[in-house]
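Protein chains in written order, with my numbering: chain B, 1 to 294; chain V, 1 to 159. We put the CB at the ideal spot given by N, CA and C, even for glycine. As the structure is a prediction and not an experimental result, all values here were calculated from the model. Data block below; observations after.
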Amino acid sequence: MKFTPKHIEGNVNVSKTHPLTELCWLVGGLLLLTLILYLLLGVTTDIAVAKIPVSAEVWLGEHFIDAMDAVENQPLQQLLERLLDNLPVDSPLHEYTFHVQIVENEQINALALPGGRIVVFSALLEQAESENEVAMVLAHELGHFAHRDHLHRLGRGLGVTVAAIMLFGEDSAASALASKLFLVGDSHYSREQESAADRFGLELLVARYGHAGGATDFFARVGKEAGSRVPYLLASHPHPDDRVRELQGLIAANGHRIDAVMPLGQDLLEDLPLSKEPPGKEPASATGRQTSRL
Amino acid sequence: MLEIVLSYPDLSLFLALMVLGYTCGTVAEKRHYRSIIRREKELVKLMVVNADGHFAEGAVRTAFLVNGSMVVSNDYFKRLLAILRNIFGGRVKAYESLIDRARREAILRMKEEARAKGAHMIVNLRLETSTIGRAANKKNRIGSIETLAYGTAVVMNRP
């Protein structure tokens, strides 16, 4: 056998695909898979939530990891009770026992936790100017309960987190991110959910006070602080200005009157855990105080 | 911009390592392939076979072991591609070039040793591949492989 030295051109052992092309395909496939999974989860969760009784939700609320140092507040509770008295007789909210609590926190925010707990951050009460305004915030949170928004959220979040753990392992950064995004107590709701809760809140506010005064005050003030509209394109919440406009449209469409608002009861303010800033004082910086996530 | 980087240190580090891995990995690979092809052409006349050598009596002056090895490391970008491949299955194309480079480089080094020692051919070529270090198969670690090529260099008794 004769040996003929010859250099062989080309390489059959290495694929010709460009690595970046491969990356695009793989990431695209993964995103598509995630999207399909998320949509499926959404459908199944929506079906399941309708069948979950309130008692199960209360049980869930009791087992919720409670990292917040919340205190009961009697005047605020009374404000809530008076709102609840004005619910329609057939409202599903009658099955709940609601508690409202205050947490010392710099964010202007309030949360609806599973099982009928409403947590209001102290900064929100500090800058509130009328009882109607606080009532609107509480009514909005009641709207989340009426539509069972946190269960919808929790169902999707649970699914995504389980999927992330299955794909990437329990202690990976991706799983941590998924559980952080979807499973924490103050999880965000979608824009539609927020708008629906706004509508519910407005109806309840009108039922309680007979007029829609104070309904938009809170968002109008937050809107000034929120500033640019650009980050809100992707945010889970509508821009406060848009919420004001939507509420004003609803008020006009339903022919609600706007009367003078009631001042905030002094008893409520006295119980605030934080030392109060002088009224009318601007927040220290735009970023120091975070915008609302109601 | 800086604010975004600072607020997501993990993600920023990940992206930076990705870009670094891709650029450095690509540059290194291109340079290596150029070198491999150039040296393969230089050494093409030195015969390497993996068959046993059967020589007529008196034809072989001497024979000795030659070997060459190369350790090549994975980079962040290739690792990501491989991880994504683990989800969908299929050819792990990102690693193909690594293995190919290691194999060819190891054979080249072996041939260079043989040429330096005056061999006319190498018979009985064998290739071994192993992962280096315990980190190689662990999560969140960058592994590397070693390819070892060894064979019997033969010096012929010819004028």
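Check	Outcome
How about R38/V: is its C-beta nearer than 8 Å to some C-beta of chain B?	no
If R92/B and A48/B are in contact, beta carbons under 8 Å, what's the gap, nearest whole angstrom?	This sequence places Pro at residue 92/B; Arg is not what is there. Not quite, the Cβ-Cβ distance comes to about 16 Å (not below 8 Å), so this is no contact.
Helix, strand or coil for E128/V? Go by DSSP, reduced to three states.	strand
If you follow the alpha helix (DSSP H) that E146/V is in, where does it begin and where does it stop?	It is not in any alpha helix (DSSP H) - E146/V instead sits in the beta strand (DSSP E) that spans 144-156.
In whole angstroms, give me the CA-to-CA distance for I145/V and F55/V.	35 Å
Is A94/V close to chain B, meaning its C-beta is less than 8 Å from at least one C-beta of that chain?	yes
Comparing C-alpha positions only, which one of L84/B, E106/B, V89/B sits nearest to F98/B?	L84/B
Would a C-beta distance cut-off of 8 Å place A128/B and V103/B closer than the cut-off?	no
Using beta carbons (cut-off 8 Å, strictly below), is M47/V in contact with chain B?	yes
Let me know the secondary structure DSSP gives E133/B once reduced to three states.	helix
When the Cα atoms are used, what is the spatial distance from L65/V to A149/V?	11 Å
Taking all protein chains shown into account, decide if Y160/V is buried (16 or more other Cβ within 10 angstroms of its Cβ) or exposed.	What the structure shows of chain V is the stretch from 1 to 159, and residue 160/V is not part of that stretch, so it cannot be assessed.
Between which two residues does the beta strand (DSSP E) harbouring F121/B extend?	117-121
Just curious, the alpha helix (DSSP H) that Q193/B is in, first and last residue?	191-209
Distance, Cα to Cα, T34/B vs G61/B?	28 Å
Pair every Cβ in the region 19-33 of chain B with every Cβ in the region 98-109 of chain V, then say whether three or more of these pairs are closer than 8 Å.	no
So, does the CB of K30/V fall closer than 8 Å to a CB anywhere in chain B?	no
Nearest-angstrom Cα distance between G155/B and S15/B?	42 Å
What residues of chain V sit near P5/B, judged by a beta carbon separation below 7 Å?	V44, K45
In chain order, what residues of the same chain have a beta carbon less than 8 Å from the beta carbon of M18/V, not counting five sequence neighbours either side?	Y76, F77, L80
How far does the beta strand (DSSP E) with T62/V in it extend, from its first residue to its last?	60-73
Tell me the DSSP secondary structure of E141/B in three-state form.	helix
Mind listing which residues of the region 65-81 of chain V have their C-beta closer than 8 Å to chain B's C-betas, in chain order?	F77, K78, L80, L81
Evaluate H94/B with the Cβ neighbour count: other Cβ atoms within 10 Å of its Cβ, from every protein chain shown; 16 or more gives buried, anything less gives exposed.	exposed
Can you tell me whether L264/B is helix, strand or coil according to DSSP?	coil
Terminal residues of the continuous alpha helix (DSSP H) containing E22/B?	19-51
Using a Cβ cut-off of 9 Å, pull out every chain V residue sitting near E22/B, in sequence order please.	L81, L84, R85, K93, A94
Verify the CB distance criterion: does L31/B have a CB-CB separation below 8 Å to chain V?	no
Taking contact to mean 3 or more Cβ pairs, one atom from each stretch, closer than 8 Å, check whether the region 247-254 of chain B and the region 209-218 of chain B are in contact.	yes
What residue from V71/V, T129/V, L43/V has the CA that sits closest to A116/V's CA?	L43/V
Hey, quick one: how far does the alpha helix (DSSP H) through V19/V stretch, first residue to last?	9-42
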